[in-house]
Amino acid sequence: MTQDKISSSPQTIFSINHKIGAVNLLINIKEFFEKHQILFRSNPYLFVMSDANPAMENINLSGLRLRHSNFKNYNFSKSILNRTDLSFSNFSNTDMTGSNLSLINIIGTNFTKAKFDNIIISSPLLWLPAKWTPGHLFYWFKRGNNTEKSALYKIQHQHPRLDIYSSNPRISNDKSDERYNFLDAISSISDEYPLLKVTMMQEILHSFITQKTNILEAKDNIANLLNLPPYCINSKIKRYRRQLCI
């Protein structure tokens, strides 16, 4: 698909802190994109970063839908990601050191070799459905039952076809990314960051319990992940598993 330089009307949605304690410098999104050679594909939410690898510390990415984007090798240290949609994106070898994460969506995203040192986890960490439906369970935990971690390298940056924010997401006939789900994403995060991985699964399992969700169709896939460290040694996850009969 042809990429075009951004030409949309100016919007001020990025906030950059050059120094801790300094006054935020609000800049025009068009100027920001041009400075860092960011391209887009007709949809202003589909960002494709250049290979220039600029240092973009202290960026506020809150509320942005950055799905199907390539952020490989980028530096987002000490940034804020709140209600940020990162689904089906490539964050391999990206530096997220010291960033503040809350209410993020990472379905199908590749975090291979990404750095999450000293991150600040604000509760809730994950965006979760207000009500789990069979469509959500399929979208999050099945989607082809892919077991090859290497497949994450093949993520295609295409337009979104499913809206995870709907009450019951519809499954598309497009097969280009059907294998990639939440389990792929969390498995791509290094075991060097057990707190991050455990927190995500604790939130999901707790939501199943509070909503009294029937997870039968996704139970096997979830169990396969929870049998691995660091999940299998976490006392809270063990308790949730007993309650859910996983």
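Residue 159 in full-length UniProt numbering sits at position 159 of the sequence shown, with consecutive numbering throughout. Virtual Cβ for every residue (Gly too), placed ideally from N, Cα, C. If you're wondering where the values come from, they're calculated on a predicted model, not measured in any experiment.
{"query": "Given Glu217, which residues of its chain have a CB within under 8 Å of its CB, disregarding the five upstream and five downstream residues?", "result": "Pro134, Leu137, Phe138, Lys142"}
{"query": "With distances taken Cα to Cα, identify the nearest neighbour of Lys78 among Asn110, Asn234, Asn70, Lys115.", "result": "Lys115"}
{"query": "In the DSSP output, which residue or residues are listed as bridge partners for Asn100?", "result": "Ile80, Ile120"}
{"query": "Hey, residue 254 and Leu183: beta-carbon distance below 7 Å or not?", "result": "Outside the modelled stretch of the chain, which goes from 1 to 246, sits residue 254, for which no answer is possible."}
{"query": "At the level of alpha carbons, what is the spacing between Ser102 and Asp85?", "result": "11 Å"}
{"query": "Give me whichever residues DSSP pairs with Asp85 in a beta bridge.", "result": "Arg65, Asn105"}
{"query": "Less than 6 Å between C-beta atoms, sequence neighbours within five positions excluded: which residues of the same chain meet that for Thr112?", "result": "Ser92, Ser188"}
{"query": "Rounding to the nearest angstrom, what Cα-Cα distance links Val198 and Lys238 in this structure?", "result": "11 Å"}
{"query": "Measure the alpha-carbon distance for Asn60 versus Ile107 and round it to whole angstroms.", "result": "21 Å"}
{"query": "What's the call for Ile119, buried or exposed, on a 16-neighbour Cβ count within 10 Å?", "result": "buried"}
{"query": "Output needed for Gln211: all residues of its chain with C-beta closer than 6 Å, excluding positions within five of it in sequence on either side, in chain order.", "result": "Trp132"}
{"query": "Expressed to the nearest angstrom, what Euclidean distance is found between the alpha-carbon atoms of Tyr99 and Asn75?", "result": "One detail in the question is off: residue 99 reads as Ser in this sequence, not Tyr. Distance between the alpha carbons of Ser99 and Asn75: 10 Å."}
{"query": "Any idea what DSSP makes of Leu126, helix, strand or coil?", "result": "strand"}
{"query": "Relative to the C-alpha of Asn214, which residue among Met201, Ser235, Ile246 is closest?", "result": "Ile246"}
{"query": "Just to check, is the beta-carbon of Asn90 closer than 6 Å to a non-hydrogen atom of the ligand SAM?", "result": "Ligands are entirely absent from the displayed structure, and the ligand SAM is therefore not among its contents."}
{"query": "Out of Asn90, Asn105, Thr97, Glu192, state which residue places its alpha-carbon closest to the alpha-carbon of Asn82.", "result": "Asn105"}
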